[in-house]
Amino acid sequence: MIKMKAIHKIKGEVTVPGDKSISHRGVMLSSLAEGITKIDGFLPGADCLSTISCFRKMGIQIEQE
775 MIKMKAIHKI KGEVTVPGDK SISHRGVMLS SLAEGITKID GFLPGADCLS
825 TISCFRKMGI QIEQE
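When the letters of the sequence shown are read in order and numbered with our numbering, they come out as residues 775 to 839.
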């Protein structure tokens, strides 16, 4: 079991190589963050784009460059 205690704010920058699993998680975690999150190295495969589509349907504003 892992126990975690939420903190009031999460702030920082993490650099990881482009990866499908990380791309999914980046979208999911970014939807919980305040402000704007930039994801570099996002892999635009069909399943990752489907994740973006799902979060857009839930009202998350996502721009792709």
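Here a beta-carbon is modelled for each residue, glycine too, at the ideal position from N, C-alpha and C. The structure presented is a predicted model; accordingly, all values stated were derived computationally and were not measured.
Could you check what DSSP says for residue i in three-state terms: helix, strand or coil?
i, result
"lysine 794", "helix"
"glycine 786", "coil"
"aspartate 814", "coil"
"alanine 780", "coil"
"serine 805", "coil"
Just to confirm, are residue i and residue j a CB contact at a threshold of 8 angstroms?
i, j, result
"valine 801", "phenylalanine 829", "yes"
"lysine 794", "leucine 817", "yes"
"serine 804", "isoleucine 813", "yes"
"glycine 792", "glycine 815", "yes"
Could you tell me the boundaries of the alpha helix (DSSP H) in which residue i lies?
i, result
"isoleucine 826", "820-831"
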